[in-house]
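Okay, so the sequence shown: first residue is 2 according to my numbering, each after it adds one.
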Amino acid sequence: MTDRSPSPHKLIPGLAVDPDMTASLAALAATVPLQAGILATPTGQLLVALVAVAVVIVLGKFVLKLAWRLVTIGIVVVAVLYLLSTLGVV
């Protein structure tokens, strides 16, 4: 038995959707993954935090390795230019 009255829903005729229903569904959809997932317990939150710190440390290690090489190259270049200017060559 279907209702032939004008329906506010465009895809499914005969389905009435209350405006408050969509707002509560959106709020529920936003909170369910946090409640059901690994972040639901303090231990899970600690695990996620430790993994995030480990990722930052590993990425930082590579960035610092590159930065250290650049600083070392800069020291050598400036030292050579200083010696050459002291000797009067440059």
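The beta carbon of each residue, even a glycine, is placed where N, CA and C say it ideally should be.
If you check the beta carbons only, do residue i and residue j fall under 7 Å apart?
i	j	result
L85	V91	yes
Quick check on the DSSP output: the alpha helix (DSSP H) that includes residue i runs from which residue to which?
i	result
A41	No alpha helix (DSSP H) contains A41, which DSSP labels as neither H nor E.
Since residue i and residue j should fall inside the 8 Å C-beta cutoff, what is the C-beta to C-beta distance between them, to a whole number of angstroms?
i	j	result
I92	L48	The chain is shown only over 2 to 91; residue 92 falls outside these bounds and no answer can be derived.
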